[in-house]
Amino acid sequence: IERLGLGSSDTLTNGSHRADVAAARRLAKRLFNLDGFRKSDVARHLSKNNDFSRMVAEEYLSFFNFTGLSIDQALRTFLRQFALMGETQERERVLSHFSKRYLKCNPKVMPSEDAVHTLTCALMLLNTDLHGQNIGKKMSSTQFIGNLEGLNAGQDYHKDLLKALYNSIKNQKLQWTLDEEELRKSFSELGDSLCDSGAARAVKAEGGGAGKPLADETQPSGSLLYKNGFLVRKVHADPDGKRTPRGKRGWKTFYVILKGLILYLQKGEYRADKQLSEEDLKNAVSVHHSLAMKASDYSKRPNVFYLRTADWRVYLFQAPNAEQMQSWITRINTVAAMFSAPPFPAAIGSQKKFSRPLLPGTVSKLTEEEQIRSHEARFRALSTELAELRSYPPDRKVKGRELDEYRLRDEYLEFEKTRYGTYVMLLRAKIRSGEEDLSVFESQLLEDSRLQRAHSSPTLQDSSQASQISQASSARDGATSSKRQAVSLHEVFI
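For the sequence shown, this note's numbering gives the first residue as 808, with consecutive numbering after it.
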């Protein structure tokens, strides 16, 4: 039975439940004491989605006593014992087991297991943001607190607690031990190198470069070059969509390099051997969970497209011509669709104050087919949430905070539905084309009039109905959409 538990992902059906628990207890003890196992072996036995693995995890966590420890202290103790490895969903299962054990040891600290798990995931993401190879500004204490508003079982976490946790992670990063073999494998929590994405998902670089990494040690090793060229950029909105101050909105010309999930913006004359300066790195933009779209409502300059990032910054980019503008939109959205990892779950409807879910900056390790299914599931969930929200609109007499909350939720759900619809459309088209070279794929996309129309209005079959869904924000040809969408986008971008 124990051997079956080690090598199978199936739920045990033979023998009594008591025998299963005994086997799980024996395995958990061996994992905790590293009896015949390495630290890199532990996570895979705790993260499987079956009953036996859950029993092993419960028994394994029983060896930890978190009583009286703050959540960051408990998390540090937990992570020192083994190497947290695997895909996003697998790591999240392990953290879920930790959350359950922490609450059992400290039942009065937080109201629910979900509240502990949400805060645990937030700390992991904060650790990535503050200490990882992320480009751009680091998350501030105020942003960290704001991201968690209303997520403590519908209430706010105590600000003093969140400030203390922020400072703890800022002053000392979360670490977990890797044995020498795993260190040689260069496992990284951040995953912003595309080396681990698999040869089947590697995309050839444009210009026949076959995905050769740029010769620049300041950039993540192994990342592929997907597009480069001159663009003029304007910063339109800061994080959370807050309007950028007038003095910082000016148009500036950059040589832009889309490498991996990063847009590097290089000032001055471009040279192949020129390394990025600190200012260039500061200007760089992460495109995970982002969406590029034609700026049909912007008339001051031609060939302009919007880019909204995961933290809802908004940039305007002007391309030399309409063809290059569409090429940048397609490349950015395709790369984001291929490599944006599944988001951590967050309940939109049960919060006192609306807050967008936290989006991991790690590279997805799902296969292309799994990635599509993940995006489709997210699209359908968002469609359902949006339909439910609009089925109960606020009374016309309602004003103030309640009305603002409704509009924020509606805007978020509409945009995310558009983003995931675009991702699915592009990945489906890419698989149908059979092309790994984005240049060829892009050409085929332009030639196919049906797909060109779909890019203006990404469509999916909803679980409840088969209907075409207009998506104005990704409109390639400026196709008109519903008045409601047009108004929403006008409010966001103008």
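Glycine residues also receive a C-beta, built at the ideal position from the N, C-alpha and C atoms.
Distance, Cα to Cα, residue i vs residue j?
i     : j     : result
D827  : Y867  : 14 Å
L930  : F951  : 9 Å
Y1140 : Y1227 : Position check: residue 1140 holds Asn in this sequence, whereas Tyr was assumed. Each residue's alpha carbon lies about 10 Å from the other.
N954  : L838  : 35 Å
N934  : K977  : 8 Å
E1212 : R861  : 38 Å
R1008 : L968  : Residue placement at R1008 is poorly supported in this model, since its pLDDT is 36, which falls under 50; the coordinates still yield a value, given next. Cα-Cα distance, rounded: 42 Å.
P1052 : P1046 : 12 Å
E1249 : E1085 : 33 Å
L841  : M1132 : 55 Å
T1174 : A1188 : 21 Å
H924  : F905  : 8 Å
L1123 : K1107 : 12 Å
A1194 : Y1113 : 26 Å
E1177 : M1145 : 10 Å
E1192 : L1245 : 33 Å
E865  : Y973  : 28 Å
V1361 : V1094 : Summary: the structure shown does not reach residue 1361, with the chain confined to residues 808 through 1301, and so no result is reported for it.
F859  : P1127 : 58 Å
Y1311 : H852  : Residue 1311 lies beyond the range of the chain shown here (808 to 1301); nothing can be said about it.
Output the boundary residues of the beta strand (DSSP E) element that contains residue i.
i     : result
L868  : No beta strand (DSSP E) contains L868, which is instead part of the alpha helix (DSSP H) from 858–868.
V1042 : 1032–1044
What residue range does the alpha helix (DSSP H) around residue i cover?
i     : result
K1237 : 1208–1240
T874  : Careful: T874 lies outside any alpha helix (DSSP H) and carries neither H nor E.
R883  : 878–887
D848  : 846–853
K977  : 966–978
Q950  : 948–954
E1177 : 1175–1198
A1143 : 1129–1146
S1250 : 1245–1254
Which term fits residue i, buried or exposed, when burial requires 16 or more other beta carbons within 10 angstroms of its beta carbon?
i     : result
G1057 : exposed
I1238 : exposed
K1172 : buried
G1168 : buried
F873  : buried
T1060 : exposed
G875  : exposed
Q880  : exposed
S1198 : exposed
M1232 : buried
E988  : Reliability of the predicted coordinates at E988 is poor, the pLDDT of 41 falling under 50, and the value obtained from them is presented with this limitation in mind. Answer is exposed; the Cβ neighbour count stays below 16.
E1221 : buried
P1201 : exposed
F870  : exposed
N1090 : buried
N959  : buried
Could you tell me which residues DSSP puts in a beta bridge with residue i?
i     : result
M917  : In DSSP, M917 forms no bridge with anything.
Q1073 : Y1062
R1115 : L1098, V1121
N959  : Q962
V1092 : L1070
V1170 : S1147
R1050 : A1044
Cβ of residue i within 7 Å of any heavy atom in the ligand GTP?
i     : result
R1216 : No copy of the ligand GTP occurs in the structure displayed, which carries no ligand at all.
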